[in-house]
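Q: Dropping the structure in here first, questions after.
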Amino acid sequence: MTDAAAMGAWARLFQALDLDGNALAGPVASVTRLEGTARQAAAGLSFDTEPASFVRLFESLVREEGGENV
Amino acid sequence: MSEYEIAGLSLTEVATRIAACELSSVEVTRACLARLDCYGHRLNCIAGIDPEAALAAAEAADAELAAGRPRGPLHGVPLAHKDMFYRAGRVSACGSRIRADFVPDYKATVLDRLDAAGALDIARLNMVEFGFGPTGHNEITGTPRNPWNPDYVTGGSSSGPAAAVAARLVYGTLGSDTGGSIRQPAAFCGLVGIKPTYGRVSRYGAMPMAFTLDAIGPLARTVSDCALLMQTIAGHDPMDPTTSSRPVPNYLAALESGVRGLCIAVAETYFYDSVDAEVSRLIKDSLAVFRALGAEIVPVTIPSMDLADSMVSLIVMVEGATVHSRWLRERRQDYGAQTLGRLLPGLFYPATRYVEALNLRHKVLADFAEAVFERADALHIPTMPMPVPTIAESDVAAKPNFMDYLRPFGHCTRPFSYLGLPALSVPAGFTANGLPCAFQLVGRPFDEAMLFRAARAYERETAWTSMAPPLEPARSRAARTTGLPSP
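First to last, the protein sequences are chains A and B. Using numbering that gives the first Met the number 0, the letters of the first sequence correspond one by one to residues 0 to 69. Using numbering that gives the first Met the number 0, the letters of the second sequence correspond one by one to residues 0 to 486.
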């Protein structure tokens, strides 16, 4: 089974969507390119503090009136 | 004043003159309607307009003022917005066939705040279909044209808004920005445009694109105009729980404070990786202005920007496909080919990758803060890495590898959507094709005031934001420096 055929079968099963081979060429290329990037970059992430840690960091960067942040 | 002279005023100037009864809202609105009639269709920037209702609103504004009841700082000023902000009883088509007849029964908070400040909302402005595209092309409603040269794109997705304000058809506009959709058209059309901090402006009543990234903000002709519009729309909204309860500073109060003592970071990597040489020269010229004004310039190396760029694309596709999932099943044939090509991949990403993409933001923001905010107040980078392309050369629709062509358009804007940081695009001159070029200033969360202040200092030293497109026939390039022509 090709990647496109596998994704077509997956779309029918999980998204209730019938897509032909032409419609699947773009998604195959896009998903293949970006999902690997996310998977590799996230390999070392700890997930027990997210997403709170992003919000906390974001808030800590706000310049307080008359104060230094960093 | 002639209609041309009225249209050539900035938003701040026209608001001041209306408030002082030196101009009536009716006079100003008539001038805008005349220009919308003359140029709006030529530039394909209008999605809908009701001139009679606009004039009636202007008459009411004048009556209120005559009775000593000014509503606010935008009293009687004609604006028009991207066709994605809901107003009860009025169509909001989002540049699409699917929502061509959609009539909401409630009003966007940003429109409510502009109404309360006295602004008139005189037209709906064309946009990229559902906001999915950086060039401005729209297969469904037609492609808006750049007022500086109608053969060129406006940038997207706030394409019609940028064309309308740059062409002096209205005085200011609201757009939305998920990966650059305010900043890119602002840069390509010679306007000041800001993507505010995530949570600074309510999104209630605006068509969503990607809810963890979407931001609403103004595009205007000058820094002061942009700051005035931001002042009006910013702040907590109980109807949008993602808005911040932090107080909104007075953006206008510190505008003239200059940049002496400010430290501005210049990126040594990523943002200049693929920048056109001519654009690069103009951006470096703008940096020299900041240096001459007393800002300290420090070079920085920022890691993880490639990753931020990629993760925005992933998140936009997944969240976009989620918003559109029902229509993708039931009305797929009604999408333009490129919009469909951008949405479909979002149905296929594993949920784990999407969560990883969101959770990587902490690492990327930490890297960015260490590289930039430990040394500087703001980052200075190009808005667009290339000169404005023509409509023909950038009409890639859904051809094979169309995303490879489009990806560079958001190279310098997407990372700050991912990080939620405020980013302001400021006109920085013209490339050899006669089209505008711009730089971005990126600041700390909720530090829009500093961005406006720095941009205003630059604006004072340059003439870029006072230049008007040569829309009228037989106009010389030199005439741009004097603004609009006499009739």
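The beta carbon of each residue, even a glycine, is placed where N, CA and C say it ideally should be.
Check each candidate in His74/B, Pro468/B, Arg328/B and name the one with the smallest Cα separation from Glu58/B.
A: By one-based count along the second sequence, residue 58/B stands at place 59. Checked all of His74/B, Pro468/B, Arg328/B; the closest Cα to Glu58/B is His74/B.
Q: CB-CB under 7 Å to Asp2/A, same chain, minus the five flanking residues each way: which ones, in chain order?
A: Translated into the one-based positions of the first sequence, residue 2/A becomes position 3. Taken in chain order, the residues that qualify are Val27.
Q: For the alpha helix (DSSP H) containing Asp61/B, list its first residue and its last residue.
A: Sequence index remark: in the second sequence, residue 61/B carries index 62 (1-based). Residues 50 to 65.
Q: My parser needs the alpha helix (DSSP H) runs of 4 or more residues fully inside the stretch 428 to 470 of chain B; what are they?
A: The qualifying runs are 447 to 460.
Q: How long is the line joining the alpha carbons of Leu483/B and Ala40/A, rounded to whole angstroms?
A: What you label residue 483/B is simply residue 484 of the second sequence in a count that begins at 1. What you label residue 40/A is simply residue 41 of the first sequence in a count that begins at 1. Note on Leu483/B: pLDDT 40, under 50, position unreliable in the model; the coordinate value appears next. If I take the Cα positions, the gap works out to 52 Å.
Q: Give the straight-line distance between the Cα atoms of Leu168/B and Pro184/B, rounded to the nearest whole angstrom.
A: Numbered from 1 along the second sequence, position 169 holds the residue referred to as residue 168/B. Numbered from 1 along the second sequence, position 185 holds the residue referred to as residue 184/B. Rounded to whole angstroms, Leu168/B to Pro184/B spans 16 Å at the Cα level.
Q: Enumerate in chain order the residues of its own chain whose CB-to-CB distance from Leu360/B is below 7 Å, with the five nearest sequence positions on each side excluded.
A: Start at 1 with the first residue of the second sequence, and residue 360/B comes out as number 361. Per the sequence shown, residue 360/B should be read as Arg rather than Leu. Around Arg360/B: Tyr417, Leu418.
Q: Against chain B, with Cβ distances strictly below 8 Å, would Met6/A count as a contact?
A: To locate residue 6/A, count along the first sequence from 1; it is residue 7. Yes, Met6/A lies at the interface with chain B (some Cβ there is under 8 Å from its Cβ).
Q: Quick one: using the 10 Å Cβ neighbour count with 16 as the cut-off for buried, is Pro399/B buried or exposed?
A: Working through the second sequence from its first residue, we reach residue 399/B at position 400. Label assigned to Pro399/B: exposed.
Q: Over what stretch of residues does the beta strand (DSSP E) that includes Lys81/B continue unbroken?
A: The residue given as residue 81/B occupies position 82 in the second sequence. Note, Lys81/B: beta strand (DSSP E), 77 to 81.
Q: Select from the stretch 327 to 361 of chain B all residues with a C-beta closer than 9 Å to any C-beta belonging to chain A, and list them in chain order.
A: Residues Leu327, Arg328, Arg331, Leu339, Gly340, Arg341, Leu343, Pro344, Gly345, Leu346, Phe347, Tyr348, Pro349, Thr351, Arg352, Tyr353, Val354, Glu355, Ala356, Leu357, Asn358, Leu359, Arg360, His361.
Q: Determine the closest residue to Asp284/B out of Pro444/B, Ile314/B, Pro426/B, with distance taken between C-alpha atoms.
A: Translated into the one-based positions of the second sequence, residue 284/B becomes position 285. Among Pro444/B, Ile314/B, Pro426/B, the Cα nearest to that of Asp284/B belongs to Pro426/B.
Q: Considering only residues of the stretch 381 to 420 of chain B, which uninterrupted beta strand (DSSP E) runs meet the minimum length of 3 residues and lie entirely inside it, listed in chain order?
A: Those beta strand (DSSP E) runs which fall completely within the stretch 381 to 420 of chain B and span 3+ residues do not exist here.
Q: Do Ser303/B and Lys362/B have their CB atoms nearer than 8 Å?
A: The count along the second sequence starts at 1 and reaches residue 303/B at position 304. The count along the second sequence starts at 1 and reaches residue 362/B at position 363. Yes, they are a contact pair.
Q: Need the endpoints of the alpha helix (DSSP H) that Val191/B sits in, please.
A: Looking up residue 191/B in the second sequence gives position 192. Careful: Val191/B lies outside any alpha helix (DSSP H), inside the beta strand (DSSP E) at 191 to 194.
Q: From the DSSP output, in three-state form, read off Asp236/B for me.
A: As a working mapping, residue 236/B is identified with position 237 in the second sequence. Asp236/B falls in the strand class under three-state DSSP.
Q: Could you name the residues that DSSP lists as bridge partners for Arg123/B?
A: If you number the second sequence from 1, residue 123/B lands on position 124. According to DSSP, which records beta bridges pairwise, Arg123/B is partnered with Gly47/B, His80/B.
Q: Alpha carbons only, please: which of Asn125/B, Ala122/B, Glu277/B, Glu318/B is nearest the one belonging to Ala209/B?
A: Reading the second sequence from its first residue, position 210 is the one you call residue 209/B. Taking only the C-alpha atoms, the option nearest Ala209/B is Glu318/B.
Q: Listed from N- to C-terminal order along the chain, which residues in the stretch 31 to 65 of chain A have their beta-carbon within a distance smaller than 7 Å of any beta-carbon of chain B?
A: Those would be Leu33, Glu34, Thr36, Ala37, Arg38, Ala40, Ala41, Leu44, Phe46, Glu49, Pro50, Ser52, Phe53, Leu56, Phe57, Leu60, Val61, Arg62, in chain order.
Q: Could you run through the stretch 435 to 463 of chain B and flag, in chain order, every residue whose CB is less than 7 Å away from some CB of chain A?
A: Result list: Arg443, Pro444, Phe445, Asp446.
Q: So, does the CB of His309/B fall closer than 8 Å to a CB anywhere in chain A?
A: Counting from one through the second sequence, the residue named residue 309/B turns up at place 310. Checking the sequence, you will find Ser at residue 309/B rather than His. Ser309/B counts as touching chain A.
Q: Run down chain A in chain order and give the residues with a C-beta less than 7 Å from the C-beta of Ser312/B.
A: Position 313 of the second sequence, counted from the start, is the residue given in the question as residue 312/B. In chain order: Leu33.
Q: Report yes if the C-beta distance between Asp376/B and Cys262/B is below 8 Å; otherwise report no.
A: For the purposes of this step, residue 376/B is taken as residue 377 along the second sequence, with counting starting at 1. For the purposes of this step, residue 262/B is taken as residue 263 along the second sequence, with counting starting at 1. Against a cut-off of 8 Å, the Cβ pair of Cys262/B and Asp376/B comes out as a contact.
Q: Using C-beta distances below 7 Å, list every residue in its chain close to Leu35/B, excluding the 5 sequence neighbours before and after it, in chain order.
A: Here residue 35/B refers to the residue found at position 36 of the second sequence. Counting only Cβ-Cβ distances below 7 Å, and skipping sequence neighbours, we find Ile45, Ile48, Ala122, Leu168.
Q: Give the C-beta separation of Phe129/B and Thr338/B to the nearest angstrom, bearing in mind that I take them to be a contact with Cβ-Cβ under 8 Å.
A: Residue numbering aside, residue 129/B sits at position 130 when the second sequence is read from its first letter. Residue numbering aside, residue 338/B sits at position 339 when the second sequence is read from its first letter. With a Cβ gap of about 6 Å, Phe129/B and Thr338/B count as contacting.
Q: I need the straight-line Cα distance from Asn21/A to Pro414/B, nearest angstrom please.
A: Here residue 21/A refers to the residue found at position 22 when the first sequence is read from its first residue. Here residue 414/B refers to the residue found at position 415 when the second sequence is read from its first residue. The alpha-carbon atoms of Asn21/A and Pro414/B are separated by roughly 31 Å.
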